[in-house]
Amino acid sequence: MAVAQTTEFDIVIAGAGMVGASLACLLGDTSLRIALIDRLPLTPASDSLEQLSSDKFDPRVSAISQASQQLFRDIGVWDGIAAKRVCNYQAMEVWDAEGTGSISFSATQIREPELGSIVENSIITTMLHNRIAQLENVTAISPFSIESFETIADEWGSCVQLNAGEGQSIRAGLVVAADGANSKLRQLAHFECREWDYEQHALVTTVRTEREHLNTARQRFLETGPLAFLPLRVAQNDDDQHFCSIVWSMLPEQAERMLALSEAEFNTELSAALEFKLGEIQWSDKRFVLPLRQRHAIDYVKDNIVLVGDAAHTIHPLAGQGVNLGLLDVRALAEELTGGIQAGRSIADSVVLARYQRRRKGNNLSMMWLMEGFKRLFAQQDLGIRWLRNMGMNAADKMTPIKNQMVRKAMGLDN
């Protein structure tokens, strides 16, 4: 990783999370001068994961698809991630709380070793930051909190200047906003978005269950929202299968009540909510609550600024596809940028950036509408709709070719 000595770069990536850091790594073998900035200090390049313990997990986890795994392999970090702790899940069970409808997915049915991998976000970001420390053309600048920006044009073209406090500023021909759902850069650049509040909060925590999870992800659709149990692994050399990360979508007032419960009271309610599929919840960690909103930028590109990941789109977490969509974004953007440079185009060429938007916008929108459709379908409590919903789930479970196509799409294998 280069030492910050200049304020001028070819590309500035705003946001050093999984999406932004992955883009920096993908462009790490080019001649481009890249700055990776973040409002928070980056994870130290030294291995900060030695504190991993059998009873302490990052509450933020991601269901990493096979397409995302391949991206991490390509940039040289997957082996390091897998050497820490990754739970590869081979099956998924989904069922309706209001009836008998259910559908299951299996890796063996599509002749794959697993459907995906559950990984703590902190493990991924640390490995990415360690990789960035090895890249000579990537300069990490943090903390750098963007306060304003301006476009500067001359006879040679235009660039964007990002301004932080105390006179700190950097310039680049292209700025990539990877700074999350509440992107400051997206707001400053006045990207128009369509968004709506789900009127739900997601409660997340880690639990220990009485029964083993058997490397299976489980999701139950409740009247108030989906409840997901994602299997965790204590360590790569430890076969303890009793820990899960949960994401429980519920009404805001329910979330407030859940936060106020004692651990024992919460464990009892959670056990019942999953119909004791994994027995009793024996232990639960600190609970966190996040508001849920869906948002999609009408355009991903405006002049010299381009949006990726949650800065461009956010979806309901019920399918765990958020970070995977973001990683597909950066894969497409990196390919278009390198292809454009090889063709002699400028770093912020409008044709190149338009290609990126065309490749990703339709795919992201289709996934967003699919998730919205699922949410609305399972929110319906009309008796007739519930009957049709359950019949439909049971019928889909028997349609193996269609079911397999659905799961391959979710895994990123058919994008």
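The sequence shown begins at 36 in the working numbering and counts up by one. Every residue gets a Cβ at the ideal spot worked out from N, C-alpha and C, and that includes glycine.
Check whether residue i and residue j have beta carbons under 8 angstroms apart
i, j, result
"S204", "G151", "no"
"A126", "T251", "yes"
"A49", "I181", "yes"
"E453", "Q144", "Summary: the structure shown does not reach residue 453, with the chain confined to residues 36 through 450, and so no result is reported for it."
"S177", "I72", "yes"
"Q392", "D334", "yes"
"S97", "V358", "yes"
"G202", "S381", "no"
"D215", "D345", "One detail in the question is off: residue 215 reads as Gly in this sequence, not Asp. In this structure, D345 lies closer than 8 angstroms to G215 by Cβ."
"F44", "A70", "yes"
"I153", "K119", "no"
"L313", "E245", "yes"
"V195", "F179", "no"
DSSP-derived helix/strand/coil call for residue i
i, result
"V365", "helix"
"A102", "helix"
"H236", "strand"
"G379", "coil"
"T42", "coil"
"T31", "One cannot answer for residue 31 here, as it falls past the ends of the chain, which runs 36 to 450."
"A357", "Note on residue identity: the sequence assigns Gly, not Ala, to residue 357. G357: helix per DSSP, three-state reduction."
"I158", "helix"
"Y391", "helix"
"A199", "coil"
"H351", "coil"
"P436", "helix"
"A51", "coil"
"H225", "coil"
"K337", "strand"
"N399", "helix"
"N123", "strand"
"E182", "coil"
"I153", "strand"
"D384", "coil"
"Q317", "strand"
"K219", "helix"
"F92", "coil"
"S81", "With a pLDDT of 49 at S81, under the threshold of 50, the modelled position of that residue is not reliable, and no figure is offered here."
"T373", "helix"
"G192", "strand"
"G136", "coil"
"E245", "coil"
"T303", "helix"
"L163", "helix"
"S284", "strand"
Candidates the options: closest to residue i by CA position
i, options, result
"E315", "F301, P326, Y391, H236", "F301"
"W318", "S306, A263, E310, P326", "S306"
"L265", "V282, L257, R292", "V282"
"R95", "L267, A102, D109", "L267"
"N165", "A299, F256, W113", "W113"
"L262", "H236, R243, D274, E245", "H236"
"L61", "R328, R253, L362", "L362"
"N123", "S141, K396, G200, L106", "S141"
"N188", "V211, L325, A207, I159", "It is worth fixing the name first, because residue 188 is Ala in this sequence and not Asn. Comparing Cα positions, the closest option is A207."
"T259", "P287, N339, L77, V211", "P287"
"A213", "R146, M162, G52", "G52"
"A59", "I167, T160, S137", "I167"
"A320", "T349, R243, N172", "For the sequence presented, residue 320 should be read as Asp rather than Ala. Among T349, R243, N172, the Cα nearest to that of D320 is on R243."
"E147", "A49, I110, A102, E182", "A102"
"R292", "E43, V324, W130, A369", "V324"
"I110", "R366, Q377, E371, P436", "R366"
"P326", "M285, D131, A299", "M285"
"R74", "L309, G200, H351", "G200"
"M402", "I159, V54, S183, T349", "T349"
"L67", "A56, V54, S57, I46", "I46"
"T160", "I138, G115, F179, E149", "G115"
"D232", "K312, A378, H351, I376", "H351"
"N156", "G397, I376, E304, S57", "S57"
"L309", "S139, V129, F184", "V129"
"I138", "F256, F311, F278, L296", "F256"
"R395", "D273, D274, T303, A369", "A369"
Integer Cβ distance of residue i from residue j, believed to fall under 8 angstroms
i, j, result
"R322", "L360", "The pair is not a contact, with the Cβ atoms about 26 angstroms apart (cut-off 8 angstroms)."
"V210", "L197", "7 angstroms"
"G63", "L220", "In fact, because the Cβ distance is near 22 angstroms, the residues do not count as touching under 8 angstroms."
"E247", "Q289", "Contact flag wrong, Cβ pair sits at about 29 angstroms."
"N26", "T65", "The first residue shown for the chain is 36 and the last is 450, placing residue 26 beyond what the model contains."
"D364", "A347", "7 angstroms"
"L77", "A175", "5 angstroms"
| Is it a yes or a no for the stretch 320-340 touching the stretch 380-391, going by three-plus beta-carbon pairs under 8 angstroms? | yes
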